[in-house]
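One structure is given below, encoded as structure tokens.
Numbering (this note's numbering), first residue to last: -2 to 305.
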């Protein structure tokens, strides 16, 4: 008697399972929504999103533009990387400018040593979504970043004022996502919600993705404030007693130079960075973002206002 033919069961690795989920989400958005956009800052999370979009739709081109909410206070290395990567992929870049929002009187610029444009990004983002008619925006938010993120669904709905109400989010059972929206509403989509910072770095290593140079250890002039290291720049006013010095640092995240801190590091290669992340017990925002040193209640207020 001929024995039955059995097909060996293929088990996905942890990263393969996360990748498959994210690609499924991206394809769902492309099929359900009419005019999506991918938020791309040039940071590690958005770099991973861009890679996932490549895989989701190849050999066709990525079927939506990318958008950068530009504070005007960005790290030059990141801006150079953003422009080069977008050109390599041939995708359309939309820039939502905070400076333009300031010039139009849509927002008021903060002043003083602790001034930052980071909180002004929400208005620039909402204006750009309305101007271009985007009904979905892919973001790189992950649930491990902060406690307020734990209430986010993968499809996170915003009303026609850009508001977010956690009590009105739709259930997402059995990986089923409902993208139906009313006129004026839009949805933020977080394909890598279930990833951790370590997952992101291990995926970057696996895929051998290029990242901005500031993610690796380098010599930079910095100053210390509130237990964090900030790059000296024309955008930051020093306080009494603050003196610049040169230190070997790298960045765990990129953003507005006025509120993004560096960490001391000697990790100049990807494997060394992954090892540092695996050993740390402090979240990237907890260690490197001054604007995130706020109360949980204040964080909830930002979420409801559409902060991303």
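Think of the CB as a built atom: it goes at the ideal place given N, C-alpha and C, for glycine as much as any other residue.
These figures come from a predicted structure and were not determined experimentally.
In summary, residue 92 is exposed, with fewer than 16 beta-carbon neighbours lying within 10 Å of its beta-carbon over all protein chains present. The Cβ atoms of residue 193 and residue 72 do not sit closer than 9 Å to each other. Between residue 147 and the set 220, 46 and 164, the nearest pair of CA atoms involves 164. For residue 80, the uninterrupted alpha helix (DSSP H) segment begins and ends at 73 to 86. In the three-state DSSP reduction, residue 236 falls in the coil class, being neither helix nor strand.
Rounded to the nearest whole angstrom, the C-alpha separation of residue 127 and residue 32 is 11 Å. For the pair residue 269 and residue 156, the Cα-to-Cα distance works out to about 43 Å. Listed in chain order, the beta strand (DSSP E) elements of length 3 or more contained wholly in the region 142 to 205 are 152 to 155 and 183 to 186. For residue 21, the secondary structure class from DSSP, reduced to helix, strand or coil, is helix.
If the five residues before and after residue 234 are omitted, its C-beta is found closer than 6 Å to the C-beta atoms of 110, all from its own chain and listed in chain order. The C-beta distance from residue 69 to residue 114 rounds to 7 Å, short enough to meet the 8 Å contact threshold. Cβ-Cβ separation between residue 135 and residue 36: approximately 6 Å, consistent with a contact (criterion under 8 Å). Per DSSP, residue 116 lies in no beta strand (DSSP E) and is assigned neither H nor E. With a cutoff of 9 Å on beta-carbon distance, residue 47 and residue 200 are scored as not near each other.
In the DSSP assignment, residue 135 is bridged to 35 and 186.
Residue environment for residue 173: exposed (fewer than 16 other C-beta atoms within 10 angstroms of its C-beta). Note on residue 67: 16 or more other CB atoms within 10 angstroms of its CB, so buried under the neighbour-count rule.
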